[in-house]
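Peer 1: Sharing a structure here in structure tokens format.
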Amino acid sequence: MNLKLQKKLASKITKVGKNKIKLDQKAGEELKEAITKEDIRSLINEGVIQVKDSKGISRGRARKTHIQKKKGRRRGHGKRKGSKNARTDLKRTWINHVRSQRKLLKGLKTEGKLKEGSYREIYNKIKGNYFRSKRHLILYLKKNNLIKK
Numbered sequence: 009m010n011l012k013l014q015k016k017l018a019s020k021i022t023k024v025g026k027n028k029i030k031l032d033q034k035a036g037e038e039l040k041e042a043i044t045k046e047d048i049r050s051l052i053n054e055g056v057i058q059v060k061d062s063k064g065i066s067r068g069r070a071r072k073t074h075i076q077k078k079k080g081r082r083r084g085h086g087k088r089k090g091s092k093n094a095r096t097d098l099k100r101t102w103i104n105h106v107r108s109q110r111k112l113l114k115g116l117k118t119e120g121k122l123k124e125g126s127y128r129e130i131y132n133k134i135k136g137n138y139f140r141s142k143r144h145l146i147l148y149l150k151k152n153n154l155i156k157k
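According to the numbering used here, the sequence shown is numbered sequentially starting from 9.
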């Protein structure tokens, strides 16, 4: 039984490809007699002619990689595009660096642990990039006896 015409009409009506159309073989005579678009529409409504679902793209793998990225994986040299400066701006890193040191210095001053007259000197050293980190700053203060006991 040749049902090419029926499939073609059904695909035009439903606006899907011919391969997406499924014909119920039990209703063979009904399908054979259906030669107009109106007949095909009625068969679609009855459920004799059905449209297969489109497959779509699974997000399973994408979810898995997202979880790995949250853990910090997949960030090696091969995944990087752009220079170090492009990925983390030099100015922003400098701001973070200086702010953390200044915050520590201010905290020591308000607690009264800093010796008199040394605040401005250390502040300017922070501004001049003298200290590598907060730890280096603390080491310097201890070494030069600028922290009160």
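By construction, the Cβ of each residue, glycine as well, lies at the ideal position given by its N, Cα and C atoms.
Taking all protein chains shown into account, do 16 or more other C-beta atoms lie within 10 angstroms of the C-beta of Lys165, making it buried, or fewer, making it exposed?
Peer 2: Residue numbering for the chain in the displayed model covers 9 to 157; residue 165 lies beyond these limits and cannot be assessed.
Peer 1: Measuring only the C-alpha atoms, how far is Lys151 from Asn104?
Peer 2: Cα-Cα distance, rounded: 25 Å.
Peer 1: At the level of alpha carbons, what is the spacing between Arg128 and Leu122?
Peer 2: Taking the straight line from one Cα to the other gives about 11 Å.
Peer 1: Could you compute how far the alpha carbon of Glu38 sits from the alpha carbon of Ser62?
Peer 2: If I take the Cα positions, the gap works out to 26 Å.
Peer 1: Mind pulling the beta strand (DSSP E) runs of 3 or more residues that sit fully within the segment 38-125?
Peer 2: Qualifying beta strand (DSSP E) stretches, in chain order: 57-59.
Peer 1: Start and end of the alpha helix (DSSP H) containing Ile146?
Peer 2: Segment Lys142 to Lys151, the alpha helix (DSSP H) holding Ile146.
Peer 1: According to DSSP, is Leu13 helix, strand or coil?
Peer 2: Looking at Leu13 - three-state DSSP - the assignment turns out to be helix.
Peer 1: Can you say whether Ala18 is buried or exposed, counting buried as having 16 or more other CB atoms within 10 angstroms of its CB?
Peer 2: Buried is the call here.
Peer 1: Among Arg100, Lys133 and Ile146, which residue has its Cα nearest to the Cα of Gly115?
Peer 2: The residue with the shortest Cα to Cα distance from Gly115 is Ile146.
Peer 1: Within 10 Å of its beta-carbon, does Ile113 have 16 or more other beta-carbons around it, so buried, or fewer, so exposed?
Peer 2: In the sequence as presented, Ile is not what sits at residue 113; that position holds Leu. Buried is the call here.
Peer 1: Given that a residue counts as buried once 16 or more other Cβ atoms are within 10 Å of its Cβ, and exposed if not, what is Leu51?
Peer 2: Classification of Leu51: buried, given that the 10 Å Cβ count is 16 or more.
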